[in-house]
Amino acid sequence: MISGAERFSKYSGYAAMFKYEGSYKDKTKKCELDCLNKHIFAMDSVVNLGNDQLLKPYVLRDINKAYIAMSNPEQYDPGENPSVATGNWGCGAFGGYLELKAIQQLIAASQVGIDISYHTFNKPEFAQALTEFVSFCTVQNKITVGELLEAVLAYQPTKKRCKLFKHCKEYIKN
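Read in order, the letters of the sequence shown are residues 2 to 175 in this note's numbering.
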């Protein structure tokens, strides 16, 4: 975990489209040590395993990694509603499936008891699908983390790209 991180630049884009947009004044409140009260955690993900990333040991490995990273109590102020800004973790060079990685982070955050601000980085179709999936799980059906994990582990992928949200919805309905 990196504590006291400060932002100095405005920017736009991601990866090859990343662009400097000018100076930025970080107005995050400071802690008693006069550093910004901001914490960044970094974690790896399983690397480009194709459909093998949907096997139970790998699914649980990355849920556990996210859980451990998100559960450090030192990064949250007492009395504040903790949240984590995250995104398509493990989906770039690591080759992770967007839907799987999102679900793993949702499961971990739910178990820790924190909110997530999920940034999809210019993937509006995925943003819509994720919003609908979260609503399906929390508002429409109030499923448990255990039920969601069971649905994920029951998924039998084909050679087509992962359609985990659709599978989980169908699994939970039946």
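Just so it is clear, CB atoms sit at the ideal spot from N, CA and C, and this is done for glycine as well.
Rounded to whole angstroms, I64 and T145 show a C-alpha spacing of 15 Å. Going by DSSP, V113 is part of no beta strand (DSSP E) but of the alpha helix (DSSP H) stretching over 99 to 113. Listed as beta-bridge partners of D116 by DSSP are S84. DSSP, read as helix, strand or coil, puts Y172 in helix. For S136, the enclosing alpha helix (DSSP H) covers residues 125 to 136. When DSSP states are grouped into helix, strand and coil, E22 belongs to the strand group.
The residues E7, R8, L37, in chain order, have a CB closer than 7 Å to that of D27 in the same chain once the five nearest residues on each side in sequence are set aside. When DSSP states are grouped into helix, strand and coil, Y156 belongs to the coil group. Going by C-alpha positions, Q54 is about 12 Å away from C92.
Around the CB of N52, fewer than 16 other CB atoms lie within 10 Å, so the residue is classed as exposed. Distance from I108 to P83 at the Cβ level is roughly 17 Å; contact not present, criterion being Cβ atoms closer than 8 Å. By the beta-carbon neighbour count (other beta carbons within 10 angstroms, threshold 16), N89 is buried.
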